[in-house]
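Right, one structure below, let's go through it.
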Amino acid sequence: MRLALFQPDIPQNVGAAIRLSACLNVGLDVIEPCAFPLNDRSLKRAALDYGPIAHMTRHDSWEAFLTTLVPGARLILLTTKGDTRFPDLEFRPDDVILMGKETAGAPPEVHAAAAIRLRIPISPAARSLNVVTAATLALGEGLRQNRAFP
14 MRLALFQPDI PQNVGAAIRL SACLNVGLDV IEPCAFPLND RSLKRAALDY GPIAHMTRHD
74 SWEAFLTTLV PGARLILLTT KGDTRFPDLE FRPDDVILMG KETAGAPPEV HAAAAIRLRI
134 PISPAARSLN VVTAATLALG EGLRQNRAFP
């Protein structure tokens, strides 16, 4: 399984995703452009000391990212507009869990490329979960279903 961030806006979320990637031993794809400079200094600051053990790949664009997908891998977009409910999904070992921009979500072309648009049910009074919190739920369940925890 892999985690992918589409054009992230918030450096702290990238840092949390790097830490998640390192701790759960899964790949992390960061699809640029980011809303902040994604350089060594900003990564060290956001990821603390987890950067060296994370499995992060940077992609210059959405199109460049798509060319790296393993044949048969499903893109699972986490979105408040999802038509598949989180508890109903059977995850596969080659799934890529994709997160949209924190401030704007994912654009139509990203929605169109997703094999599954996944919605995590939350309280009607709430707007949405933090992207890395949502990713942690989905990734944890996917790893549990596939018995793939480190």
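Adding 13 to a residue's 1-based position in the sequence shown gives its number in my numbering.
Virtual Cβ for every residue (Gly too), placed ideally from N, Cα, C.
Since Val145 contacts Ala29 with CB under 8 angstroms, what's their CB separation in whole angstroms? Along the sequence shown, read from residue 1 onward, the residue named residue 145 stands at position 132. Along the sequence shown, read from residue 1 onward, the residue named residue 29 stands at position 16. Sure, about 4 angstroms apart at Cβ, within 8 angstroms.
First and last residue of the uninterrupted beta strand (DSSP E) at Arg130: Here residue 130 refers to the residue found at position 117 of the sequence shown. Looking at the DSSP string, the run of the beta strand (DSSP E) that includes Arg130 is 129-132.
Any idea what DSSP makes of Arg15, helix, strand or coil? For this step, residue 15 is matched to residue 2 along the sequence shown. Of the three classes helix, strand and coil, the one that applies to Arg15 here is strand, per DSSP.
From Phe49, Ala126, Glu45, pick the residue whose C-alpha is nearest to that of Thr70; which is it? Numbered from its first residue, the sequence shown carries residue 70 at position 57. It is Glu45 whose Cα lies nearest to the Cα of Thr70.
Gly28, enclosing alpha helix (DSSP H) - first and last residue: In the sequence shown, the residue the question calls residue 28 occupies position 15. 24-37 is the span of the alpha helix (DSSP H), which, as asked, contains Gly28.
Just curious, the beta strand (DSSP E) that Leu41 is in, first and last residue? Here residue 41 is taken as the residue at index 28 of the sequence shown, counted from 1. 40-44 is the extent of the beta strand (DSSP E) around Leu41.
Pick out whichever of Ala67, Gln25, Asn38 has its Cα sitting closest to the Cα of Cys164. Because the chain is modelled from 14 through 163, residue 164 falls outside the range shown and cannot be assessed.
Between Leu91, Leu37, Asn52, which lies nearest to Gly118 when the distance is taken from Cα to Cα? Stepping through the sequence shown from its first residue, residue 118 is reached at position 105. Here the closest residue by C-alpha is Leu91.
Nearest-angstrom beta carbon gap, Asp96 and Arg140 [assumed within contact, 8 angstroms]: Start at 1 with the first residue of the sequence shown, and residue 140 comes out as number 127. Start at 1 with the first residue of the sequence shown, and residue 96 comes out as number 83. Not confirmed; about 19 angstroms, so no contact.
Expected contact under 8 angstroms - CB spacing of Gly40 and His68 to nearest Å: Translated into the one-based positions of the sequence shown, residue 40 becomes position 27. Translated into the one-based positions of the sequence shown, residue 68 becomes position 55. With 8 angstroms as the limit, Gly40 and His68 qualify as a contact, their Cβ atoms being about 5 angstroms apart.
Would you call Leu125 buried or exposed, if buried means 16 or more other Cβ atoms sit within 10 Å of its Cβ? As a first step, residue 125 is located in the sequence shown; it is residue number 112 there, counting from the start. According to the sequence as given, residue 125 is Ala; it is not Leu. Exposed, by the Cβ-count rule.
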